[in-house]
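Accompanying notes for the structure given below.
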Amino acid sequence: MAQALAGQLLVGLINGSFYALLSLGLAIIFGLLNVVNFAHGAQYMMGAFAAWMGLTYLGISYWWALLLAPAAVGLLGVAVERLLLRRLYGLDNLYGLLLTFGLALVAEGLFHQAYGNSGNPYPVPELLRGGVRLGFMFLPLYRIWVVVVAIAVCGASWFVIERTALGAYLRAGTENPKLLQAFGVNVPLMFTITYGFGVALAAFAGVMAAPVYQVQPLMGSSIIIVVFAVVVIGGMGSILGSIVTGLGLGLVEGLTKYLYPEASSVVVFVVMAIVLLVRPAGLFGRER
Amino acid sequence: MHRMLRCAVPLVSLAVALRAPAAEPKLSDGVVKIGVLTDMTGYYSDLAGPGSVLAAQMAVADFGGKMLGKPIQVISADHQLKADVASNIARKWFDQEQVDVIVDLVSSSTAGAVMPVAAEKKRITLLSGPGTTAFTGDKCTPYNVHWTYNNWALANGTGREVVKQGGDTWFFVTADYVFGRSLEEDTAKVVKAAGGKVLGYARHPSPGTTDFSSYLLQAQASGAKIIGLANAGGDTVNCIKQAAEFGVTPKQTLAGLLVFITDVNALGLDAAKGLYLTTAFYWDMNDETRKWSKRFFEKHKKMPTMVQAGVYSSILHYLKAVQAAGTDDADAVMAKMKATPVNDFFAKNATIGPDGLLRHDMYLAQVKAPSDSKYPWDYYKIVQTIPAAQAFPSVEQQKCPLAVKK
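Taken in order, these protein sequences are the chains called A and B.
Start counting the first sequence at 101; every next residue gets the next number (my numbering).
Start counting the second sequence at 44; every next residue gets the next number (my numbering).
Rendered as structure tokens:
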């Protein structure tokens, strides 16, 4: 009994790592640009597809894909920001939401048209095959890798934004872009880079997901709703909040899957409703 | 004489007028309209979807494109796997667009919503996509044929064979909706009847689950020899992938209760090899299946699934019945369809029972290892042909109220 529970909690933590990675990108984009990036799920999917296409057509290995796929999708993000998103900054953030939602539908539609919805196989890299026997469960090496990398990436992002000079500029830009510009900082460029980075994070999560989940056009839309709930619970735009909530909700979900699996897709939203009732700004959010 | 003639002329013309509708072929609205209602963009769109629409168009083209001098049309719509969307489209099609027959209806929740609407409007449904056995059991309607497979057939094909080979303890990972539950229930019955034991189940929300490790861990903890996957499409693919990852296989064996060739293609042979599955159709069985499938492949770039092959077969049989009956009146066509055996590349000497179930041979297949696969889509080895009488439940077992003799 206790063994089974330990296994479930561990699996929950692994899923939580994906949530954390994805919600981190969302939180950064919302926190700094005030844009609700609904294309995040599609960008995650494109990351996975970029890795798959790299391997299938060009023979690019998983390790290079970890670097190249986020770079490629991130550049696409930069183009989107420069050409489209930029025009909406002055408006209500509903416009940004609608634009990114539309872009997500277009991207999913294109990939669906080209590759269908059954998905494509992506092998686990040679080095990370196999696993460790823990007594209560068999833990695949690849999942350990996911947790370690997710925590490292989340930690590094948090450090850069909260503890470095660059991060201080970014945060200042959120508070008062005009004033920051008066100090000679190129604020529009900073916004572009931030969006590109957030998108690259989504694509990175996609590459991480490719060997374990099906690489298919809808893979993003089935996870993105949960990730939005994570961001809302953590407090819109709070970086630490999204990381902690991502991992925490993974655990809660894991526990539910053990106790009452039928409710596992609902539990996240029940938590969200309760948190919103008690703390409308989210667990780590600030009231504005 | 003159008087008699004056009387006779109107009488004769009256008689001619009365006879006319029966003598001339009668098609309502001057068109035969086939509606393909399927999942065009969602999780089942590869196993049905646009491929089903293509199969329907091929059937109409092969029939000649005309029925008794009138056009045959194929229209299609996306039911998005939602029961309410499906029944709304069906109503619109029947009421405003003169649709005579709806085919495919992948996903049992949508088929279950459309069948009563069709019965109420006296139009025909030909099910190729869904699996729920009750569609020709206690939910049967007089205007429905369940064409390709049902859960009973899948459960018996795979379940019985696996128990026979020593897999006598089972744990189910089940998609938590009508199809998954029905498949789990049917298979559990077969397993118990064959002397096996069911140790438990885990039901996952579907669609929308991508990580199955929690459920697989429960299956692992149960110690069951066999893990029955009572789900479909992407769910099954993810389960098989992750079972290998978590070391569930090869210690425990997976039994895919509903596996399509597109799933095997998505998994790759390396991950899927050795998997047993029951299917109604495989493209590479004989010259006839190869010939049709290659034509399909030309246009679709993927080999047909059993659902898509079933859509073709069901439409062709329907069109032949309309032609033979000389009308598209649903009662007359259904009577003709049930009276005529089905003979094409999909089914041989198969018959439709009074319950609306097409009883045809099914096949137990095993997925080849990569080294045994000689050419693209060379995926299955047919292990056994399950004759129609064993593959499907009998009329008595189905207990369809229409078929029970009073």
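Beta carbons are placed, not taken as given, at the ideal position from N, Cα and C, and that holds for glycine.
Between residue i and chain B, is the shortest Cβ-Cβ distance under 7 Å, so that the two count as touching?
{"i": "Pro-221 of chain A", "result": "yes"}
{"i": "Val-375 of chain A", "result": "no"}
{"i": "Ala-139 of chain A", "result": "no"}
{"i": "Val-246 of chain A", "result": "no"}
{"i": "Gln-108 of chain A", "result": "yes"}
{"i": "Gly-104 of chain A", "result": "It is worth fixing the name first, because residue 104 of chain A is Ala in this sequence and not Gly. By this cut-off, Ala-104 of chain A is an interface position."}
{"i": "Val-232 of chain A", "result": "no"}
{"i": "Ser-257 of chain A", "result": "no"}
How many Å lie between residue i and residue j at the Cα?
{"i": "Leu-167 of chain A", "j": "Leu-124 of chain A", "result": "18 Å"}
{"i": "Ala-65 of chain B", "j": "Gln-366 of chain B", "result": "Residue placement at Ala-65 of chain B cannot be trusted, given a pLDDT of 45 that sits under 50; what the coordinates show is reported in the next sentence. Spanning the two alpha carbons is a distance of roughly 14 Å."}
{"i": "Leu-198 of chain A", "j": "Asn-308 of chain B", "result": "35 Å"}
{"i": "Lys-240 of chain B", "j": "Leu-376 of chain A", "result": "46 Å"}
{"i": "Gly-296 of chain A", "j": "Val-344 of chain A", "result": "23 Å"}
{"i": "Gln-103 of chain A", "j": "Met-372 of chain A", "result": "29 Å"}
{"i": "Leu-383 of chain A", "j": "Met-336 of chain A", "result": "9 Å"}
{"i": "Ser-365 of chain A", "j": "Tyr-258 of chain B", "result": "13 Å"}
{"i": "Gly-385 of chain A", "j": "Trp-258 of chain A", "result": "15 Å"}
{"i": "Ser-313 of chain A", "j": "Leu-226 of chain B", "result": "Inspection of the sequence shows that residue 313 of chain A is occupied by Tyr rather than by Ser. Answer to the nearest angstrom: the Cα atoms are 24 Å apart."}
{"i": "Pro-250 of chain B", "j": "Asp-278 of chain B", "result": "8 Å"}
{"i": "Gly-334 of chain A", "j": "Leu-355 of chain A", "result": "19 Å"}
{"i": "Tyr-319 of chain B", "j": "Ser-150 of chain B", "result": "22 Å"}
{"i": "Asp-387 of chain B", "j": "Thr-81 of chain B", "result": "23 Å"}
{"i": "Gly-353 of chain B", "j": "Cys-443 of chain B", "result": "22 Å"}
{"i": "Arg-224 of chain B", "j": "Ala-218 of chain B", "result": "7 Å"}
{"i": "Ala-381 of chain A", "j": "Asn-193 of chain A", "result": "17 Å"}
{"i": "Glu-228 of chain B", "j": "Arg-246 of chain B", "result": "12 Å"}
{"i": "Asp-313 of chain B", "j": "Lys-363 of chain B", "result": "43 Å"}
Could you work out which residues of chain A lie near residue i, taking near to mean beta carbons separated by less than 8 Å?
{"i": "Val-280 of chain B", "result": "Ser-218, Gly-219 and Gln-314"}
{"i": "Leu-260 of chain B", "result": "Ala-104, Gly-107, Gln-108, Val-111 and Met-237"}
Between residue i and chain A, is the shortest Cβ-Cβ distance under 7 Å, so that the two count as touching?
{"i": "Gly-266 of chain B", "result": "no"}
{"i": "Asp-89 of chain B", "result": "yes"}
{"i": "Ser-257 of chain B", "result": "yes"}
{"i": "His-242 of chain B", "result": "The identity of residue 242 of chain B in the sequence shown is Leu, whereas the question assumes His. No, because no Cβ of chain A sits closer than 7 Å to the Cβ of Leu-242 of chain B."}
{"i": "Asp-297 of chain B", "result": "According to the sequence shown, residue 297 of chain B is Leu rather than Asp. Taking Cβ atoms only, chain A never reaches closer than 7 Å to Leu-297 of chain B, which makes this a no."}
{"i": "Thr-84 of chain B", "result": "yes"}
{"i": "Asp-105 of chain B", "result": "no"}
{"i": "Pro-159 of chain B", "result": "no"}
{"i": "Glu-305 of chain B", "result": "Note that residue 305 of chain B is Thr in the sequence shown here, rather than Glu. Yes, contact with chain A."}
{"i": "Asp-219 of chain B", "result": "yes"}
{"i": "Ala-231 of chain B", "result": "no"}
{"i": "Gly-309 of chain B", "result": "Checking the sequence shown, residue 309 of chain B turns out to be Ala, not Gly. Yes - at least one Cβ of chain A is within 7 Å of the one on Ala-309 of chain B."}
Show which residues of chain A have a CB atom less than 7 Å away from the CB atom of residue i.
{"i": "Phe-289 of chain B", "result": "Phe-238 and Pro-240"}
Chain B partners of residue i, CB-CB under 8 Å?
{"i": "Ile-323 of chain A", "result": "Thr-253"}
Using the beta-carbon of each residue, which ones in chain B are nearer than 9 Å to residue i?
{"i": "Leu-318 of chain A", "result": "Thr-84, Gly-85, Tyr-86, Pro-250 and Gly-277"}
Using a C-beta to C-beta distance shorter than 9 Å, which residues of chain A count as neighbours of residue i?
{"i": "Ala-314 of chain B", "result": "Pro-221 and Pro-223"}
{"i": "His-247 of chain B", "result": "Lys-357, Pro-361, Glu-362, Ser-364 and Ser-365"}
{"i": "Lys-284 of chain B", "result": "Pro-221, Pro-311, Val-312, Tyr-313 and Gln-314"}
- Message: For the pair the region 315–333 of chain A and the region 113–122 of chain A, tell me if three or more CB-CB distances fall below 8 Å.
- Response: yes
- Query: Counting Cβ pairs, one atom from each stretch, are 3 or more of them under 8 Å apart for the region 176–184 of chain A and the region 272–279 of chain A?
  - Reply: no
- Task: Please name the residues in the region 176–192 of chain A whose beta-carbon is closer than 7 Å to at least one beta-carbon of chain B, in chain order.
- Result: Taking 7 Å as the Cβ-Cβ cut-off, the region 176–192 of chain A has no residue approaching chain B.
- Which of the residues in the region 329–361 of chain A, read from start to end, lie with their CB under 7 Å from any CB of chain B? Gly-354, Lys-357, Tyr-358 and Pro-361
- Message: When you compare the region 168–188 of chain B with the region 203–219 of chain B, are there three or more beta-carbon pairs, one atom per stretch, that lie closer than 8 Å?
- Response: no
- Query: If we count Cβ pairs, one from each stretch, closer than 8 Å, do we get three or more for the region 134–148 of chain B versus the region 161–171 of chain B?
  - Reply: yes
- What residues in the region 113–124 of chain A have a beta carbon less than 9 Å from any beta carbon of chain B? Ile-114, Asn-115 and Phe-118
- Message: At a CB distance below 9 Å, what residues from the region 110–140 of chain B approach chain A? Give them in sequence order.
- Response: none
- Determine which residues of the region 147–172 of chain A have a Cβ less than 8 Å from any Cβ of chain B, and write them out in chain order. Of all residues in the region 147–172 of chain A, none is placed with a Cβ closer than 8 Å to any Cβ belonging to chain B.
- Message: I'd like to know if the region 107–116 of chain B and the region 165–172 of chain B are in contact, where contact means that at least 3 CB-CB pairs between them fall below 8 Å.
- Response: no
- Item | Any 3 or more C-beta pairs closer than 8 Å across the region 374–382 of chain B and the region 329–345 of chain B | Contact between the region 374–382 of chain B and the region 329–345 of chain B is absent, because fewer than three Cβ pairs lie under 8 Å.
- Message: Assess contact between the region 108–117 of chain A and the region 256–276 of chain B, defined as three or more Cβ pairs (one per stretch) separated by less than 8 Å. Is contact present?
- Response: The region 108–117 of chain A is in contact with the region 256–276 of chain B.
- Between the region 278–296 of chain B and the region 227–245 of chain A, do three or more beta carbon pairs fall short of 8 Å? yes
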